[in-house]
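Peer 1:
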Amino acid sequence: MTFLGFAAGLSLASACFLFCSGIATGFQSDGFHKRTDFRSFEQKIVISKRRTGGLRFRDMKMELAESSASLEMDRPDWNPMANLLRLQGTKPTRSGALSPLRMTSVQNSTETAFAPEKTSLEDAVIRRVDDDAIQKPDTDKRKFRHIWLKNGLHCLLASDPNADTAAAAVNIHAGHFQDPEEFPGLAHFHEHMLFLGTEAYPEEGAYEEYLSAHGGFTNAFTATEDTNVYFEVDAGALRGALERFSHFFKTPLFSEGATDRELRAVDSENTNNLQADKWRLYQLEKATANPAHPYHKFSTGNLKTLGKPGLREALLAFHDRYYTTPLMKLVVTGREDLDTLERWVAEDFLGVKGGAADTPPAKHLYGVPMHRPEDLGRRVLAVPVKERRSIDLAFPVPLWDTPEAGRYAKPTNYLCHLIGHEGPGSLHALLNKRGWINGLTAGSAFRGDEGAVVKVGMSLTESGMEHLEEVLDLVWEKINMVREMVATAPQQWVFEEMAAMASFQFRFREQGDPSGFASGLSGQLDNGYPPEEVFSGPSQFDDWRPDVLQKFAAALTPANCQLQVVSSSFREQAAAEGWAEEHWYGTQHKLVPFTAEEAARWGGGPRGHPELALPGPNDFIPRDFSLRCDTDAGAAAAAAAAADADAAEAEAEREAPPTLVVAGAGRNATDAAAGMEVWAKLDRTFRVPKATLVLHLGCGQDGWYASPWAMSAARLYTKMLKEELKEYAYDARVAGLRWSVTAEPEGLQLLVSGYSDKLPVLARRVAQAFRQVLDRCAALEGPAPAEGEGGPEAAARRKARAQFEKHRQAMLKDYANFEVEASYQRAMYYARLALEQDAWHISEYAAAVRSPRCTPAAVARTAAAVLGRTQARAFVHGNAGGAEAAALAAEVAAALRLEEAAPLPEGEAKEWRRVALPAGRPVVVEQATGNPREENAAVEVHYQMGVFGEQGDYEKEVLLDLVNQLAYTSAFRQLRTEEQLGYIVSTTTRRSGSPAAVGGFSVIVQGPHHPPAHLDERVEAWLAKFRGELAALSEEEFKQNVEGLVSLKLEKCVRLAEETSQLWAELAAGPRRRDFRRARRQAAQLRALARPQLLAFFDRYLAAGAPERRKLSVQVHAPAHRPAV
């Protein structure tokens, strides 16, 4: 897998950089909402305390993904249904937490609460680059303008008159590399402190309360050489948000009281990270680099590094030195016109400090290399916390995106594309065939002002670790093959093919959410491209430069390589030999220089391995980009009518539900699609030549979730499917197509998405593989032939058995790793087990997979039996009309041989039943952490609220949402900021069950200082206080909160995939719960609420002694807090 994308796009977030060593980042972020953000070609997991609306995760497996379409946690503690529709580009649900505390005299969501002092703006802007000069995707109808204020601030403005939300971001080109040596973690701590009051708005939380009252959120992260702060808010509230935001960079308070409290929060954050391999291995990389270079620094900070005299003075000095306009870039996106946005930026940001004589240069120069010669040419052996095996080859390289390097030559893209390819003849294919790897990546791991690092990484199987030296020999063979090709006969057609793909991917790039756009682009403004090319530059392959390729390829040598080898099998050796421990995280490691023989063997050039070759042309590159909404006569007429319609009619067209094109009644051998329910919607809104096919093969109560073995068989079956198609589908992925198959308790889910021209080709092949894998597994009855025995057929059987065993061992590893998950994750898992009537425990899955019964033939028998009775439902959305959708579904159904399956009646589909907690009597579940070094205890306190209404009856649901919105900020302020119980404090809602949904409200707390029973007590104390806050809400404040939630529910989708996700969620809900106008009806019911209803809801379900209070407290003990047995 090549993880340096062909088209970096509007932000570097479009490239996914996952390393099998974990997360090679250069960042530190705030809070605990997991999401992905990418800047400076680094992978960042941004952990947000400030994204309001409760606990939300983007779950990422910290190893190489096995599917080209998803990074799934194949564990039973994560509901696969919840992960199903994480389509590429889909925005996570947001529900802004609304504070009942200090309302800032806001009249409504379109009015501002202040009158900024007018500034003379005649000469405020000294330079502009307007929209007509800026290169942007064909699909992007926003208007843009670059401006430079006279104080030196560079800003990009984006005007979208149809936007529901607005956003802004500031990127400061200073990160933890700029920490003073006496205060490690100061840049990260400074980022925290920005949110705790300014001279204009001194009250802590006032900024977040304003955003929350207008359906917004805020977040920030600190990277190696950058700090990024951003917000998103209802479009009508941008003016007030922007003015408040600007004071972060002019007059932050850094008060003594806030400094002391937030110091404990940062220390708690560091405690959360101590047992996380991604942090431990990243810091080990830093510790084994040049100690004279700032890369070696500790980025998070803790009480020891920051709790010293002079901290506040250091904060002020850091702010004064680095928070100046030469180091800052601002992006603002709103629905106002560009002139208005320009005026607002000038009014609010002209007062930011400009450059001075001692201002650091716009590029940071350190005068020493990140790695000395003695830091390279060696192995770094490391012991992980979890069960894992991986290798990473890291190569320091020059910068690739400077004029001197050949900015448009894209040398690292070219080289990593060839090394990381997964098709026939690739290194990945060879190692995977031998059963030695789970995945392979190649790409950029770090980019700084002075240099960069490229990595080639692999997640190894047990067999791969046993054959480590052979793996390494083959890796170097492939690297040397590419080096020799570049040196002697560079292939221009490869570059031209990459250029073509980058071109159409840029041309049809869709918008992202406003905050992601602003945050990503504010960092990208510093990447050196001319302002006219800030969007297009990363996608331009305009300069075929073999000399540049040769320069970069020459860096891929053993002498310029640090090889990190991570394996849990090192534990005994490390203990026996007394390996060194890294200073900050205690990671055991050993440094072993390459031997002279290794260096000579690996650097000696290719030896012509017969199974390694360069990739051939990509047949999945699309050629037809026409839009069906323009070419189909009926669709074109409808589009023309819509163009003449008023805004209300246009909105109705946008919200039109899918059409049922095949009813799915009965099955017969002559019409394969007749037994499948097929829905379709032709897109007229986003106008991109892309489509998505979602197919659900539903099962009954006796299906996949009938037993731990059946569910394990489903997961193994999907893994074998992905294995079957890995080589074939790689070119499709490179060309913008994705596919995934997910095993759910309710059935199997197939998703194929991407450019509509080639989508049917991939969909047919994926469907064919379903039966091929079943047949192949069924034929693997009995033991595999011994090595060397038999002919090609015996060799194929050995290969298939080895692949099956690889996936079986990977599942067992995942199950074992659950024992060392964070305490709050364990609390959430056991809460789910307690609330589900038929949930299987992770140990039951492990026992099923470990059993001798777990064979390929047994998996095939189970899968065939479940798929033999199925309820099939398909949805085709995007650039395909109803007839095309029906034809595609029929082809897929025929390939799946659905005509052979018996139909499953609607009433026999899998239903989820929830345990009804007893009213008036709390249920307590106590568990211990599985990690003896874990310092954090955790609780999830859940209040069950019973069954929700069906179609159109949303009163209980919207009241729950409103309570959660109001609760989040209040709980965070009290339990985290005031009481400092721990770094993780969040409220969230749980909704689950079918055909009727059961809902409830949860509070989650994790911290190192108190046992979980104390955390539970403090949650109860907060809840009693929160009741008083609700009672004190004025009518005006109540309406403000309601309107903030309404704006979130009515927010329009900004990408085709996002709309696909929403529509499929309704289709999957089934006839009793399906409602394509759910958001509109919920908004109407919200607006109809009165304050007494909110209090009555609280008093019925949440108040102490409430008649229907049903409480579950899941308490996870850390070793220090574990009660005596």
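Residue numbers for the sequence shown, in mature numbering (1 follows the signal peptide of the UniProt record, and there is no 0): -26 to -1, 1 to 1099. Note that beta-carbon positions come from the ideal geometry of N, C-alpha and C, so glycine has one too. Keep in mind it's a predicted model, so treat the numbers as computed, not measured.
Quick test of your reading: W683 and W576, contact by CB under 8 angstroms. State the CB separation rounded to the nearest angstrom.
Peer 2: The residue you call residue 683 lines up with position 709 of the sequence shown. The residue you call residue 576 lines up with position 602 of the sequence shown. In fact, because the Cβ distance is near 45 angstroms, the residues do not count as touching under 8 angstroms.
Peer 1: Would you grab the beta carbon distance between L1037 and H851 for me? Rounded to a whole angstrom, and I think it's under 8 angstroms.
Peer 2: Locating residue 1037 in the sequence shown gives position 1063, counting from the first residue. Locating residue 851 in the sequence shown gives position 877, counting from the first residue. About 6 angstroms separates the two Cβ atoms, so the contact holds.
Peer 1: What does a CB cutoff of less than 6 angstroms around residue 1104 pick up in its chain, not counting 5 residues either side in sequence?
Peer 2: Shown here, the chain extends from -26 to 1099; a query on residue 1104 therefore has no answer.
Peer 1: Rounded to a whole number of angstroms, what is the C-alpha to C-alpha distance between E178 and K1013?
Peer 2: By 1-based counting over the sequence shown, the position of residue 178 is 204. By 1-based counting over the sequence shown, the position of residue 1013 is 1039. Cα to Cα, the separation comes out at about 23 angstroms.
Peer 1: Beta-carbon separation of A263 and H150 under 8 angstroms?
Peer 2: One-based indexing of the sequence shown puts residue 263 at position 289. One-based indexing of the sequence shown puts residue 150 at position 176. No, the pair does not count as a contact, with Cβ atoms beyond the cut-off.
Peer 1: For Y729, report the span of its beta strand (DSSP E) as first-last.
Peer 2: Here residue 729 refers to the residue found at position 755 of the sequence shown. Taken as a continuous stretch (DSSP letters only), the beta strand (DSSP E) holding Y729 covers G721 to Y729.
Peer 1: Would you kindly work out how many angstroms separate the C-alpha atoms of L754 and A831, rounded to a whole number?
Peer 2: As a first step, residue 754 must be located in the sequence shown, where it is residue number 780. As a first step, residue 831 must be located in the sequence shown, where it is residue number 857. C-alpha separation (whole angstroms): 6 angstroms.
Peer 1: When you compare only the Cα positions, how much space is there between S966 and R887?
Peer 2: Walking along the sequence shown from the start, residue 966 turns up at place 992. Walking along the sequence shown from the start, residue 887 turns up at place 913. Rounded to the nearest angstrom, the two C-alpha atoms are 9 angstroms apart.
Peer 1: Considering V833, what are the terminal residues of the alpha helix (DSSP H) in which it resides?
Peer 2: To locate residue 833, count along the sequence shown from 1; it is residue 859. Taken as a continuous stretch (DSSP letters only), the alpha helix (DSSP H) holding V833 covers P830 to L841.
Peer 1: Measure the C-alpha to C-alpha separation of V794 and R800 and round it to an integer number of angstroms.
Peer 2: Translated into the one-based positions of the sequence shown, residue 794 becomes position 820. Translated into the one-based positions of the sequence shown, residue 800 becomes position 826. Their backbone Cα atoms lie some 9 angstroms apart in a straight line.
Peer 1: List the whole-angstrom C-beta distance separating T139 from E1025, where the pair is believed to meet the contact cut-off of C-beta under 8 angstroms.
Peer 2: Within the sequence shown, the letter at position 165 stands for residue 139. Within the sequence shown, the letter at position 1051 stands for residue 1025. About 6 angstroms separates the two Cβ atoms, so the contact holds.
Peer 1: Reducing DSSP to helix, strand and coil, say where V1088 ends up.
Peer 2: Here residue 1088 refers to the residue found at position 1114 when the sequence shown is read from its first residue. DSSP places V1088 in the strand class (E or B) of the three-state scheme.
Peer 1: Relative to the alpha-carbon of Y679, which residue among Y819, T198 and H781 has its alpha-carbon at the smallest distance?
Peer 2: If you number the sequence shown from 1, residue 679 lands on position 705. The shortest C-alpha to C-alpha distance from Y679 to any of Y819, T198 and H781 is the one to Y819.
Peer 1: What's the call for N136, buried or exposed, on a 16-neighbour Cβ count within 10 Å?
Peer 2: Residue mapping note: residue 136 aligns to position 162 of the sequence shown, counting from 1. Answer is exposed; the Cβ neighbour count stays below 16.
Peer 1: D234 CB to nearest chain D CB: under 8 angstroms?
Peer 2: In the structure shown, chain D cannot be found, because there is only a single protein chain.
Peer 1: DSSP on K65, reduced to helix/strand/coil?
Peer 2: Residue mapping note: residue 65 aligns to position 91 of the sequence shown, counting from 1. Caution is warranted here: a pLDDT of 31 is assigned to K65, below 50, making its placement in the model unreliable, and the coordinate value is therefore given only provisionally. Three-state DSSP puts K65 in coil, outside helix and strand.
Peer 1: From Q2 to P757, what does the alpha carbon distance come to, in whole angstroms?
Peer 2: One-based indexing of the sequence shown puts residue 2 at position 28. One-based indexing of the sequence shown puts residue 757 at position 783. Reliability fails at Q2, whose pLDDT of 38 lies under 50, so the model's placement of it is uncertain and the value that follows must be treated cautiously. Whole-angstrom Cα-Cα distance: 50 angstroms.
Peer 1: Label Q17 either buried or exposed according to how many other C-beta atoms from any shown protein chain fall within 10 Å of its C-beta, with 16 as the threshold for buried.
Peer 2: Locating residue 17 in the sequence shown gives position 43, where the first residue counts as 1. Because Q17 carries a pLDDT of 27, less than 50, the predicted location of this residue cannot be relied on, and no value is offered for it.
Peer 1: Take L401 and list the residues in its own chain whose beta-carbon comes closer than 6 angstroms to its own, dropping the five residues that flank it on each side.
Peer 2: As a first step, residue 401 must be located in the sequence shown, where it is residue number 427. Contacts found: K452.
Peer 1: Take A174 and list the residues in its own chain whose beta-carbon comes closer than 6 angstroms to its own, dropping the five residues that flank it on each side.
Peer 2: Mapped onto the sequence shown, residue 174 falls at position 200. H221, listed in sequence order.
Peer 1: Would you decide whether I100 is buried or exposed? Buried here means 16 or more other CB atoms lie within 10 Å of its CB.
Peer 2: Translated into the one-based positions of the sequence shown, residue 100 becomes position 126. Its Cβ having fewer than 16 others within 10 Å, I100 is exposed.
Peer 1: Helix, strand or coil for Y204, going by three-state DSSP, please let me know.
Peer 2: Position 230 of the sequence shown, counted from the first residue, corresponds to residue 204. Secondary structure of Y204 (DSSP, three-state): strand.
Peer 1: Any chance the stretch 690 to 708 sits against the stretch 866 to 874, with 3 or more Cβ pairs inside 8 angstroms?
Peer 2: no
Peer 1: Kindly indicate which residue of Y297, N247 and R295 has the alpha-carbon position closest to the one of T274.
Peer 2: The residue you call residue 274 lines up with position 300 of the sequence shown. Taking only the C-alpha atoms, the option nearest T274 is N247.
Peer 1: Pull up the distance between the alpha-carbon of K337 and that of D423, whole angstroms please.
Peer 2: On the sequence shown, position 363 is the one that residue 337 refers to. On the sequence shown, position 449 is the one that residue 423 refers to. Their backbone Cα atoms lie some 6 angstroms apart in a straight line.
Peer 1: Using a threshold of 8 angstroms, state whether the C-beta atoms of Q538 and A416 are closer than that.
Peer 2: Taking the sequence shown and counting its residues from 1, one reaches residue 538 at position 564. Taking the sequence shown and counting its residues from 1, one reaches residue 416 at position 442. In this structure, A416 does not lie closer than 8 angstroms to Q538 by Cβ.
Peer 1: Say whether the stretch 104 to 114 touches the stretch 269 to 284, bearing in mind that this needs 3 or more beta-carbon pairs closer than 8 angstroms, one atom from each stretch.
Peer 2: no
Peer 1: At which residues does the alpha helix (DSSP H) containing R457 begin and terminate?
Peer 2: One-based indexing of the sequence shown puts residue 457 at position 483. Unbroken alpha helix (DSSP H) run through R457: L442 to T462.
Peer 1: CA-CA distance, T198 and G1018?
Peer 2: The residue given as residue 198 occupies position 224 in the sequence shown. The residue given as residue 1018 occupies position 1044 in the sequence shown. Rounded to the nearest angstrom, the two C-alpha atoms are 35 angstroms apart.
Peer 1: If you follow the beta strand (DSSP E) that T962 is in, where does it begin and where does it stop?
Peer 2: What you label residue 962 is simply residue 988 of the sequence shown in a count that begins at 1. Element bounds for T962: I958 to S966.
Peer 1: Are the beta-carbon atoms of I146 and Y256 separated by less than 8 angstroms?
Peer 2: If you number the sequence shown from 1, residue 146 lands on position 172. If you number the sequence shown from 1, residue 256 lands on position 282. No, Cβ-Cβ distance for I146 and Y256 is not below 8 angstroms.
Peer 1: Note down, in chain order, each residue of its chain lying with its Cβ closer than 6 angstroms to the Cβ of A647, except the 5 sequence neighbours on either side.
Peer 2: Working through the sequence shown from its first residue, we reach residue 647 at position 673. Residue confidence for A647 is low, a pLDDT of 49 falling below 50, so the modelled location carries little weight; the figure read from the coordinates is stated next. Here the set comprises V636, A863, A864 and A867.
Peer 1: According to DSSP, is S714 helix, strand or coil?
Peer 2: As a working mapping, residue 714 is identified with position 740 in the sequence shown. If DSSP states are grouped into helix, strand and coil, S714 belongs with the strands.
Peer 1: Roughly how far, in whole angstroms, is the beta-carbon of M(-26) from the beta-carbon of L414, given that I think they are within contact range, below 8 angstroms?
Peer 2: Translated into positions along the sequence shown, residue -26 becomes position 1. Translated into positions along the sequence shown, residue 414 becomes position 440. Correct: roughly 6 angstroms between the Cβ atoms.
Peer 1: Hey, out of H395, E155, G325 and V359, whose CA is closest to K282's CA?
Peer 2: Sequence index remark: in the sequence shown, residue 282 carries index 308 (1-based). The shortest Cα separation from K282 among H395, E155, G325 and V359 belongs to E155.
Peer 1: Of all the beta strand (DSSP E) runs that stay within the bounds of the stretch 115 to 184, which reach a length of 3 or more residues?
Peer 2: 117 to 123, 128 to 133 and 139 to 146
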